[in-house]
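Sequential numbering of the sequence shown, starting at 1, is according to our numbering.
Just so it is clear, CB atoms sit at the ideal spot from N, CA and C, and this is done for glycine as well.
Here's the structure we're looking at; comments come further down.
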Amino acid sequence: QHETFHVPVYERDLTGWKKVVARNNPDEEVVRDGKFTAAGFLAIFDVFISQNRLDVPWQALRKFGYDDNLTLHVPESIIRGRSAFPDHPLGVPGQPTAQSDRSWSLTPSARRFLTDVFYQFDSNNDGVLSVEDLQRIFSIVCDPALPPWHPIRSHDEFEGCFSLPIMPSTPSPSPASSASGEGSSPLNMSHSLSASGITIVSGESFPSVDISAVSGSYTNVQCKPLSYLEWMGMWHSISAISPPLTRAELFRLGHMEEPKRSKKSRRAKKKSAVAPNEPTESLLPSKEVRALILGSPGSGKSALLHALARTSDDPLAAPKTRSPRTASTYVKLKRKNPKSKNDNQEEVFVTHLIMTEVPEASAENQAQRKRE
């Protein structure tokens with residue numbers, strides 16, 4: 001009310017609206033536990049429309065970025081990674097953010113939002129998002145209503161990025177060809193690739209390789225049910241590939257970055273995200289490690305990637321990769337609890353490993369451009 005119409009809302013106003021929408025919609029649950037449901041929220045606008053006050057819903061829609069055709073426009077500040085808050089982790093207004101984008105990762109606010117979404121749409125509370133749950137989550141995005149890592153969307157969404165994401169347990173079609181594109185994140189290589197093995201390089205930046213020529217048939221590709229950590233791993237993957245696209249997708253789902261909170265409010269927010277009797281995986285501390293997998297043709301890079309990320313039933317049968325592909329996996333580790341006074345007390349934490357396989361030709365082309 002305050003953000004959209006710049007007027008305060010009082011308790012007596014809410015009480016009146018609850019009576020009106022309940023009277024107008026006797027067969028629907030418009031109020032639950034003293035709060036408006038989604039149906040109740042829409043019923044409020046039905047009242048304005050019935051009174052021919054179409055300006056009210058349109059003002060609300062335009063406030064949140066919808067145009068006259070009901071197309072959502074992502075603000076430039078979201079895409080560029082700038083924030084209205086000077087101390088915000090996405091950056092300072094008026095300053096370039098390309099450098100920080102190279103190592104940008106999901107913010108605490110984004111992780112809390114994704115945790116809330118996971119438990120909100122986990123329809124049977126089994127700790128897994130079913131295919132139907134995923135379809136409901138992304139039903140609000142433009143067709144096709146699929147996750148951004150699904151091949152049908154990723155081919156277009158990540159065009160021009162250095163890599164494509166690999167969807168869990170889905171065979172990755174062999175691309176027809178690849179082309180190298182110039183970028184601002186050159187691959188740091190001190191020597192040429194060895195002909196005898198695989199090299200894994202971890203760092204903050206990745207090479208920029210054009211994947212616009214990738215092709216394949218994805219019409220029969222199906223989403224896989226995702227556990228909480230797999231769900232978060234996919235978001236870590238696409239944030240490593242394209243921070244602007246990730247921020248835009250989060251915005252489409254309803255996420256707005258928050259200013260920094262006090263430690264007390266962060267703890268309260270984090271606890272509130274977990275439904276009763278749910279696994280405590282969302283409460284585990286986590287970190288992200290990004291790595292490049294390099295090697296000569298036939299050395300087993302694709303098999304290693306698919307085996308570690310569990311994206312194929314038969315990693316050795318993985319198709320030959322001609323352009324970079326990114327997959328994720330996670331591992332639970334133990335370490336000494338830094339907040340405990342007991343030296344023997346340990347805590348479990350999660351490490352999301354984001355791995356990008358870089359074919360030899362792509363890596364050598366990038367190194368050649370750097371030398372030039």
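Helix, strand or coil for residue i, going by three-state DSSP, please let me know.
{"i": "M355", "result": "strand"}
{"i": "I293", "result": "strand"}
{"i": "R325", "result": "strand"}
{"i": "L376", "result": "One cannot answer for residue 376 here, as it falls past the ends of the chain, which runs 1 to 372."}
{"i": "P108", "result": "helix"}
{"i": "L129", "result": "strand"}
{"i": "E257", "result": "coil"}
{"i": "K320", "result": "coil"}
{"i": "P96", "result": "Annotation note: pLDDT 39 at P96 (below 50); position unreliable, no value reported."}
{"i": "K339", "result": "coil"}
{"i": "P165", "result": "strand"}
{"i": "L373", "result": "Since the displayed the chain opens at 1 and closes at 372, residue 373 lies outside it and no answer follows."}
{"i": "S123", "result": "coil"}
{"i": "H150", "result": "coil"}
{"i": "S242", "result": "coil"}
{"i": "A145", "result": "coil"}
Among the options, which residue has its Cα nearest to the Cα of residue i?
{"i": "K224", "options": "V47, S130, K336 and A60", "result": "S130"}
{"i": "K320", "options": "G300, T329 and D313", "result": "G300"}
{"i": "S163", "options": "L114, L245 and L134", "result": "L245"}
{"i": "K332", "options": "T280, K339 and R322", "result": "T280"}
{"i": "G160", "options": "N25, P285 and P324", "result": "P324"}
{"i": "P165", "options": "K336, A240, E288 and K341", "result": "A240"}
{"i": "R322", "options": "G34, R335, P148 and V358", "result": "V358"}
{"i": "S77", "options": "N344, V7 and P243", "result": "P243"}
{"i": "P75", "options": "N125, R23, H255 and D13", "result": "H255"}
{"i": "P285", "options": "H2, A318 and F349", "result": "F349"}
Please confirm whether residue i and residue j have their CB atoms less than 8 Å apart.
{"i": "E360", "j": "P297", "result": "yes"}
{"i": "V21", "j": "A43", "result": "yes"}
{"i": "A145", "j": "S139", "result": "yes"}
{"i": "P57", "j": "F41", "result": "no"}
{"i": "L353", "j": "S328", "result": "yes"}
{"i": "Y330", "j": "L229", "result": "yes"}
{"i": "S282", "j": "T71", "result": "no"}
{"i": "F113", "j": "L308", "result": "no"}
{"i": "F121", "j": "R136", "result": "yes"}
{"i": "V128", "j": "L226", "result": "yes"}
Pull the bridge partners of residue i from the DSSP assignment, please.
{"i": "L333", "result": "F349"}
{"i": "V31", "result": "F36"}
{"i": "Y66", "result": "L72"}
{"i": "K287", "result": "T351"}
Rounded to whole angstroms, how far is the Cβ of residue i from the Cβ of residue j, which I believe are closer than 8 Å?
{"i": "T351", "j": "L292", "result": "About 17 Å; that fails the 8 Å criterion."}
{"i": "T15", "j": "Q59", "result": "The Cβ separation is near 23 Å, so there is no contact."}
{"i": "L106", "j": "W235", "result": "6 Å"}
{"i": "T326", "j": "P168", "result": "Contact flag wrong, Cβ pair sits at about 12 Å."}
{"i": "A303", "j": "L294", "result": "Not confirmed; about 14 Å, so no contact."}
{"i": "W104", "j": "I238", "result": "Not really, about 12 Å apart at Cβ, beyond 8 Å."}
{"i": "A248", "j": "I79", "result": "6 Å"}
When the cut-off is 8 Å and only beta carbons count, does residue i lie next to chain B?
{"i": "G295", "result": "As a matter of chain content, chain B is missing from the structure shown, which is built from one protein chain."}
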